[in-house]
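Engineer: Quick note: the sequence shown uses UniProt numbering, first residue 1, plus one each step.
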Amino acid sequence: MSPPPMSSSSTTSSDFPPSVPDIPLSPLTSASATTATSHSSDPDVIREHWAKDTFGSSGTSTPLPSVREKSHCCGEPYPGIKQLIKDKGFEELLQLQVGNIYLSGAYVLTQYRSLNDESDMRVSFYLRRTDHRVRILCREPHRTGPSDYYCLPLNLLEILRDGSCLRICRRRNRGTELVLWTQLKFTTLEDLVLFHCTFVALRSQDEGHPVGDILDYELEQEEECFGGTITDDDYVHALRVYKDTVTGAVRLQSSIHLGDLNHTPVWTAFVTHNLGKRSWLKSYDSKTVILRDVKPVIFMSMDDYTPPQTSHGQHVLEFTSSSDAREFLNIMEELGD
1 MSPPPMSSSS TTSSDFPPSV PDIPLSPLTS ASATTATSHS SDPDVIREHW
51 AKDTFGSSGT STPLPSVREK SHCCGEPYPG IKQLIKDKGF EELLQLQVGN
101 IYLSGAYVLT QYRSLNDESD MRVSFYLRRT DHRVRILCRE PHRTGPSDYY
151 CLPLNLLEIL RDGSCLRICR RRNRGTELVL WTQLKFTTLE DLVLFHCTFV
201 ALRSQDEGHP VGDILDYELE QEEECFGGTI TDDDYVHALR VYKDTVTGAV
251 RLQSSIHLGD LNHTPVWTAF VTHNLGKRSW LKSYDSKTVI LRDVKPVIFM
301 SMDDYTPPQT SHGQHVLEFT SSSDAREFLN IMEELGD
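Below is the structure:
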């Protein structure tokens, strides 16, 4: 399916409804083969949220080509929005800033660049405990005046890749056209992929406003080299192998298979550094493959998902068919040649 045509932003105040209605909570329905959405019952769900461990945890760093584009917002600024969403029960979950990554505005966790230009733009995710609804808030500072703030709920947005950038867009004209709302520029492929997966996962875990048909679950300029199904913590998930056509990097991704949350990412792992090594893949039986030196980044609460591991902490892939297991091993061998 080809995406709708992209247009430059010509937004008006109607592009950001001052008060997007919050509908009553409704139970999620899903197929039996689908992992439950990630909702922790812990009262400190903000502090212990899975998103806290996402950035900087992949163990690899693949540079993206330098481009002229910069991070910027195209929507309508909304004065006072930070206080407004706080009054509605939203709390800052994660903040990304050029040069650093902050967790809930607290101590700087890592010292690498997530956004790679000099705009000093900050991007935050705000989560509401009662229904796990998430809003994205962008701040653009100005040297001669106060910063501009832009904010929308994730369920109104789609996220697309354009080279070293992610373009966060809104639909208009009855869904036939995509309008750029915010562009984010990245230094590394890992940060770009992790932001995309985090965005899609947070949007899917919204209890009150789930996205029924995920159209932006794959990234442009990634080639799918393998697709099969695995039994992942007692759920059937889709396993895909992607190769980035820009950098040559290879990663695995497990996603929810079928049901209301179909295509929602569960985990991803970057494996380029292992390709060509004999020791990193081991066939345990006809359907089971053991992965060594792999660090999956998980996009769900540990209450809802525990990655299958050996007693030595090695990741386990249990395929639903021996043919999928054989094909996976063959593809990984070819990628290592």
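Ideal Cβ positions, reconstructed from N, Cα and C, are used throughout, including at glycine.
Keep in mind the model is a prediction, meaning the values are calculated, not measured.
Could you check whether K70 and Q183 sit closer than 9 Å to each other, using their CB atoms as the reference points?
Structural biologist: As a first step, residue 183 is located in the sequence shown; it is residue number 183 there, counting from the start. As a first step, residue 70 is located in the sequence shown; it is residue number 70 there, counting from the start. Closer than 9 Å, so yes.
Engineer: Considering only C-alpha positions, which residue in the set G145, I168 and L160 is nearest to L152?
Structural biologist: Stepping through the sequence shown from its first residue, residue 152 is reached at position 152. Cα-wise, what sits closest to L152 is I168.
Engineer: So what's E218 in DSSP terms, helix, strand or just coil?
Structural biologist: Indexing the sequence shown from 1 puts residue 218 at position 218. Of the three classes helix, strand and coil, the one that applies to E218 here is coil, per DSSP.
Engineer: For T264, which option in F186, Q205 and A249 has the closest C-alpha, if you only look at C-alpha atoms?
Structural biologist: In the sequence shown, residue 264 corresponds to position 264, counting from 1. The residue with the shortest Cα to Cα distance from T264 is Q205.
Engineer: Under a Cβ-count criterion, where at least 16 other Cβ atoms within 10 Å of its own Cβ denotes burial, should D68 be classed as buried or exposed?
Structural biologist: The residue you call residue 68 lines up with position 68 of the sequence shown. Per the sequence presented here, residue 68 reads as Arg, with Asp not at that position. A residue is called buried once 16 or more other Cβ atoms fall within 10 Å of its Cβ, and R68, having fewer, is exposed.
Engineer: Can you tell me where the beta strand (DSSP E) holding V179 begins and where it ends?
Structural biologist: Start at 1 with the first residue of the sequence shown, and residue 179 comes out as number 179. E177 to K185 is the span of the beta strand (DSSP E), which, as asked, contains V179.
Engineer: List the whole-angstrom C-beta distance separating R128 from R139, where the pair is believed to meet the contact cut-off of C-beta under 8 Å.
Structural biologist: On the sequence shown, residue 128 is found 128 positions in, with the first residue counted as 1. On the sequence shown, residue 139 is found 139 positions in, with the first residue counted as 1. At roughly 20 Å, the Cβ-Cβ gap does not stay under 8 Å, so R128 and R139 are not in contact.
Engineer: Taking V134 as the reference, which of T306, P141 and S124 has the closest Cα?
Structural biologist: Within the sequence shown, the letter at position 134 stands for residue 134. That would be S124, whose Cα lies nearest to the Cα of V134.
Engineer: For T144, which three-state DSSP category applies?
Structural biologist: Looking up residue 144 in the sequence shown gives position 144. T144 falls in the coil class under three-state DSSP.
Engineer: Can you tell me which of D87, L157, K287 and Q83 puts its alpha carbon nearest to the alpha carbon of Y217?
Structural biologist: Stepping through the sequence shown from its first residue, residue 217 is reached at position 217. Comparing Cα positions, the closest option is L157.
Engineer: Look at T272 and T60 and say whether their C-beta atoms are less than 9 Å apart.
Structural biologist: For the purposes of this step, residue 272 is taken as the residue at position 272 of the sequence shown. For the purposes of this step, residue 60 is taken as the residue at position 60 of the sequence shown. Judged by their CB atoms, T272 and T60 are nearer to each other than the 9 Å cut-off.
Engineer: Looking at C-alpha atoms only, which residue of M300, Y150, P65 and G208 is the closest neighbour of L180?
Structural biologist: As a first step, residue 180 must be located in the sequence shown, where it is residue number 180. Considering only alpha carbons, the answer is Y150.
Engineer: Given this structure, state the Cα-to-Cα distance separating P65 from D213, to the nearest angstrom.
Structural biologist: On the sequence shown, residue 65 is found 65 positions in, with the first residue counted as 1. On the sequence shown, residue 213 is found 213 positions in, with the first residue counted as 1. In a straight line, the C-alpha of P65 is about 32 Å away from that of D213.
Engineer: From the DSSP output, in three-state form, read off L258 for me.
Structural biologist: Along the sequence shown, one-based indexing puts residue 258 at 258. DSSP, reduced to helix, strand and coil, places L258 outside both helices and strands of the structure shown, so it counts as coil.
Engineer: When DSSP labels each residue in this structure, what does L157 get in the three-state scheme?
Structural biologist: Against the sequence shown, residue 157 aligns to sequence position 157. Of the three classes helix, strand and coil, the one that applies to L157 here is coil, per DSSP.
Engineer: Judging by CA-CA distance, which residue of Y242, H209, L291 and I290 is the nearest neighbour of residue 338?
Structural biologist: In the structure as shown, the chain starts at 1 and stops at 337, and residue 338 therefore has no counterpart that could be examined.
Engineer: Enumerate, from N- to C-terminal direction, the unbroken beta strand (DSSP E) stretches of 3 or more residues contained entirely within the UniProt domain "PH" (223 to 335).
Structural biologist: 235 to 244, 250 to 256, 265 to 270, 281 to 283, 288 to 291 and 315 to 318
Engineer: Compare the Cα-Cα distances from E92 to each of L137, V200, G175 and G75 and report the closest residue.
Structural biologist: Here residue 92 is taken as the residue at index 92 of the sequence shown, counted from 1. Nearest of L137, V200, G175 and G75 to E92, Cα basis: L137.
Engineer: If you draw a straight line from the C-alpha of F328 to the C-alpha of K88, how long is it?
Structural biologist: Translated into the one-based positions of the sequence shown, residue 328 becomes position 328. Translated into the one-based positions of the sequence shown, residue 88 becomes position 88. If I take the Cα positions, the gap works out to 47 Å.
Engineer: In terms of alpha-carbon separation, which member of V297, R292 and L291 lies closest to Q253?
Structural biologist: By 1-based counting over the sequence shown, the position of residue 253 is 253. It is V297.
Engineer: So, for V211: in the same chain, excluding its five sequence neighbours on each side, which residues have a beta-carbon less than 7 Å away from its beta-carbon?
Structural biologist: Taking the sequence shown and counting its residues from 1, one reaches residue 211 at position 211. Counting only Cβ-Cβ distances below 7 Å, and skipping sequence neighbours, we find N155, R203 and S204.
Engineer: Roughly how many angstroms separate the alpha carbons of V241 and L335, rounded to a whole number?
Structural biologist: Against the sequence shown, residue 241 aligns to sequence position 241. Against the sequence shown, residue 335 aligns to sequence position 335. Computed Cα separation, rounded: 10 Å.
Engineer: Tell me which residues share the same chain as T288 and place their Cβ nearer than 6 Å to its Cβ, disregarding the 5 neighbours each side in the sequence.
Structural biologist: Position 288 of the sequence shown, counting from 1, holds the residue named residue 288. So the list reads E318, once near-sequence residues are dropped.
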